[in-house]
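In this text, residue positions in the sequence shown follow our numbering: the first is 8, and each later residue adds one. Below is one structure, written out as structure tokens; the observations come after it.
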Amino acid sequence: MVENQERCLKCGKQQGLQGVALTLGRKTFHLFYLCTKCGNVDIEELLKVIRSYKKKRTT
8 MVENQERCLK CGKQQGLQGV ALTLGRKTFH LFYLCTKCGN VDIEELLKVI
58 RSYKKKRTT
């Protein structure tokens, strides 16, 4: 496995990724990637995914 390669935040796949980004003013911040299967979520589900990822990283 190659380090620093983009993966889906929810399932870990590397194919069919879509970037999730936030634009503030003129700056765009690329936050993470979701695959096409996991990428079809509403904002509430997206927040759950982010929270679960943060918990995984701290444990």
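The beta-carbon is built from N, C-alpha and C at its ideal position, and this holds for glycine as well. If you're wondering where the values come from, they're calculated on a predicted model, not measured in any experiment.
So for residue 44, helix, strand or coil by DSSP? Judged by DSSP in its simplified three-state form, residue 44 adopts coil rather than helix or strand.
If you run the structure through DSSP and keep just helix, strand and coil, what is residue 38? In the structure shown, the three-state DSSP call for residue 38 is strand.
Assuming contact is defined by CB atoms lying nearer than 8 Å, are residue 19 and residue 40 in contact in what I supplied? No, the pair does not count as a contact, with Cβ atoms beyond the cut-off.
Apart from the five residues on each side of it in sequence, which residues of its chain come closer than 6 Å, Cβ to Cβ, to residue 48? Short of 6 Å from the beta carbon of residue 48, and not among the five residues preceding or following it, lies no beta carbon of its own chain.
Whole-angstrom distance between residue 57 and residue 29, CA atom to CA atom: Taking the Cα positions, residue 29 is about 14 Å away from residue 57.
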